[in-house]
Amino acid sequence: MESAADYIHRLVKSGSRAYKALGQVFLISDQVIEGIVSASTLEPDTPLVEIGPGLGVLTRALAPKVTKMWAVELDCQKIETLTKELRGLAIDFVNKDALQLNLRELWGEKKGYLVGNLPYYITSPLIMHFLEQEDVLSGMTIMVQKEVADRIAAPPGGKTYGVLSVAVQISAQVTKVMDVQPADFWPAPKVTSSVLRLDLRPYPGFDADKKEFFRVLKAAFGQRRKTLGNSLAAGLALSKGDVVKRMRDAGISEGRRAESLSIEEFQVLTKEFAPLLRLN
Numbered sequence: 006m007e008s009a010a011d012y013i014h015r016l017v018k019s020g021s022r023a024y025k026a027l028g029q030v031f032l033i034s035d036q037v038i039e040g041i042v043s044a045s046t047l048e049p050d051t052p053l054v055e056i057g058p059g060l061g062v063l064t065r066a067l068a069p070k071v072t073k074m075w076a077v078e079l080d081c082q083k084i085e086t087l088t089k090e091l092r093g094l095a096i097d098f099v100n101k102d103a104l105q106l107n108l109r110e111l112w113g114e115k116k117g118y119l120v121g122n123l124p125y126y127i128t129s130p131l132i133m134h135f136l137e138q139e140d141v142l143s144g145m146t147i148m149v150q151k152e153v154a155d156r157i158a159a160p161p162g163g164k165t166y167g168v169l170s171v172a173v174q175i176s177a178q179v180t181k182v183m184d185v186q187p188a189d190f191w192p193a194p195k196v197t198s199s200v201l202r203l204d205l206r207p208y209p210g211f212d213a214d215k216k217e218f219f220r221v222l223k224a225a226f227g228q229r230r231k232t233l234g235n236s237l238a239a240g241l242a243l244s245k246g247d248v249v250k251r252m253r254d255a256g257i258s259e260g261r262r263a264e265s266l267s268i269e270e271f272q273v274l275t276k277e278f279a280p281l282l283r284l285n
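For the sequence shown, the numbering used here assigns the number 6 to the initial residue and increments by one for each residue that follows.
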């Protein structure tokens, strides 16, 4: 098979280009492509969707692994190139905004898999959009900006731990696969990327109401410089006295910071605050 770099450079010479407005960059590293494919949990009968195939350098490595694949691309010109370059492979090309993609409409009730080099400017909304479709998705192998990957995988206690960390970790087991350097792309971006594997699963023992959980979570991190008691009072529009009482009942000091709390502690808080949340 033509190397990734030769493949991309050939298509660029023939007139293909990367559009900055769409966050397009193209992988030219065979080693990274092999790492992404190896990290993905793919069986021949696994429905597979790729987000943002670009010129198809990763697509052509993924397609032979499964019997059916969908490639979702917003750029019509790229779809024309993909249709020509990847003819003969069992791929449906979908010209659609990935944020509007309904996986059940692609493959029905089966559990499928997602791979994608996610655009930096909509990374978090895309991840959450697909995590919400966990009933028809078993996992994802995604490439994101390293800074975002560090936030997603962060444990409690550090500055990178926040709403995104918890939101992803309550839905998926996060594994960092590799870092990807700017030189592995054309054109080279200004930032380092990381590949993550997200294995979707219910968080062990999670039994809080998710809507209430996220209200508490977002309030807690809403003013990170403040103590947890003050952040919750402001974010939930509750009196400081009510907040302190509920926190004491939960066994959590009002003087702590949001980034110090585990997912289990956020669940405990949610249950304590639930009666008040339902009143306002």
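Where a beta carbon is used, it is the ideal one built from N, C-alpha and C, also for glycine. Keep in mind the model is a prediction, meaning the values are calculated, not measured.
The bridge partners DSSP lists for V120 are E55, T146. Within 10 angstroms of the beta-carbon of Q82 lie fewer than 16 other beta-carbons, which makes it exposed. A Cβ-Cβ contact shorter than 7 Å links A44 with T146. Residue environment analysis places A172 among the buried positions, since at least 16 neighbouring C-beta atoms fall within 10 angstroms of its C-beta.
Taking a C-beta distance under 7 Å as the contact criterion, A68 and M74 qualify as a contact pair. Here F219 carries a helix assignment [DSSP, helix/strand/coil]. The three-state reading of DSSP puts A76 in strand, counting E and B together.
Contact between L108 and G117 holds, since their C-beta atoms are separated by about 6 Å, short of 8 Å. Nearest C-alpha to L201 among S34, G144, G260: G144.
In this structure, the CA atom of Y24 is about 29 Å from the CA atom of V71. DSSP, reduced to helix, strand and coil, places Q138 outside both helices and strands of the structure shown, so it counts as coil. Residue pairing of F31 in beta bridges, as defined by DSSP: W191.
Partner residues in the beta bridge of L205, as assigned by DSSP, are A177. Taking E139 as the centre and dropping the five residues before and after it, the same chain places the C-beta of S176, L205 closer than 7 Å to its C-beta, in chain order. Burial state of V37 is buried, judged by a 10 Å Cβ sphere holding 16 or more other Cβ atoms. In this structure, DSSP gives S8 a state outside helix and strand, which the three-state scheme calls coil.
When the Cα atoms are used, V273 and Y208 turn out to be separated by approximately 14 Å. For F98, the enclosing beta strand (DSSP E) starts and ends at 96-99. By the CB criterion at 7 Å, Q105 and G59 fall outside the cutoff.
Distance between W112 and L136, taken at the CA atoms: about 16 Å.
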